[in-house]
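Heads up: the sequence shown is residues 52 to 269, going by the working numbering.
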Amino acid sequence: MSIDTSDSLKTTNITINKSDELINRTKEIKQSLIIWRNILLPINNLLEWKHKYDSLIIFGIITLIFFIILQINPPILTLISCIILTIVLIDILAPVGIQIIFKNENWTSIKETKYTRLCERIGHLEQHIKHQCELILKMRKERSLMYLIIGSIFLCFIAFCCQKIDNLLLSYLITLIICLTPGIRNRQLILLIRQYINECWNNKKIILSYTNQEKRIQ
């Protein structure tokens, strides 16, 4: 009985520590991204398909970017340099433009609430990635053979896919999936597709049982 109580207390303490850590991390994220908040909210709305045609806009933008890359066909190092240069320019110039275009007077409590929720989700994502990395490191220490087998199979599969499929096409599909995932989760499309498949499967079972019964009667 005492062992169960001590285990439950440890679990409760871990949960409290994680929640406190998430709250503190959310505050840090809010403070570090405060310059970008007027840009992050529209981008978040776009990724979560708040409007009807947001998914088509995401698909069009990503397709256009990769089509331009396909037409230019730059070397890998040139492409990486251009991407890093774009990120640096955005990081330096965008805050100046944001401060000129967006005024603090237009920031409302509703926007602040949405911004806080967005920072909480970013904090949750960081915690999830950190937890997965800890699990991988734990497997490496405690189950080194399993770690080696799973890692080798996964990396061989990636190498095989990259060898058989065009890398630009693969990058395009991965980028598309990553950018469309928040909207799919927000609209709960996976759940709807699963329900539709279950309904079709159940209807098929009913039809098969009904036809079998008719054959027996005949």
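Don't be surprised by glycine CBs; every beta carbon is placed ideally from N, CA and C.
Of the residues the options, the one placed nearest residue i, counting alpha carbons only
i      : options                        : result
Asn155 : Leu240, Arg88, Tyr104          : Arg88
Ser83  : Ser70, Tyr166, Thr129          : Tyr166
Ile229 : Leu136, Ile113, Tyr104, Lys81  : Ile113
Arg168 : Asn249, Glu185, Asn95          : Asn95
His102 : Leu242, Asn254, Asn237, Lys181 : Asn237
Cα-Cα separation, residue i to residue j
i      : j      : result
Ile173 : Trp158 : 21 Å
Leu240 : Gln150 : 37 Å
Ile143 : Leu220 : 31 Å
Cys251 : Ile235 : 21 Å
Ile127 : Ile138 : 17 Å
Phe205 : Phe211 : 10 Å
Ile244 : Lys215 : 30 Å
Ser203 : Leu188 : 15 Å
Ile209 : Arg191 : 20 Å
Asn218 : Lys81  : 36 Å
Ile201 : Ile131 : 30 Å
Ile134 : Leu140 : 10 Å
Tyr198 : Leu73  : 29 Å
Cys184 : Leu196 : 17 Å
Lys186 : His179 : It should be noted that the sequence gives Leu, not Lys, for residue 186. The straight-line gap from Cα to Cα measures roughly 11 Å.
Cys207 : Cys213 : 10 Å
Lys181 : Leu242 : 27 Å
Gln246 : Thr129 : 46 Å
is_contact[residue i, chain D] using C-beta, thresh 7 Å
i      : result
Ile201 : Protein chain content of the structure displayed is limited to a single chain, and chain D is not contained in it.
Per-residue burial, residue i [other beta carbons within 10 Å of its own, 16 or more giving buried]
i      : result
Cys170 : buried
Thr164 : exposed
Ser53  : In this prediction, Ser53 has a pLDDT of 49, which is less than 50 and means its spatial position is unreliable; what the coordinates show is noted afterwards. With fewer than 16 Cβ atoms within 10 Å of its Cβ, Ser53 is classed as exposed.
Nearest-angstrom beta carbon gap, residue j and residue i [assumed within contact, 8 Å]
i      : j      : result
Glu177 : Arg76  : 7 Å
Pro233 : Glu79  : Contact flag wrong, Cβ pair sits at about 22 Å.
Leu115 : Ile108 : About 11 Å separates the two Cβ atoms, so there is no contact after all.
Leu231 : Ser70  : Not quite, the Cβ-Cβ distance comes to about 31 Å (not below 8 Å), so this is no contact.
Leu276 : Phe110 : Nothing about residue 276 can be reported from this structure: the residues present for the chain run from 52 to 269 only.
Trp91  : Lys162 : Inspection of the sequence shows that residue 91 is occupied by Leu rather than by Trp. Not quite, the Cβ-Cβ distance comes to about 10 Å (not below 8 Å), so this is no contact.
Ile86  : Pro146 : 5 Å
Three CB pairs or more closer than 8 Å across the region 102-122 and the region 215-231:
yes
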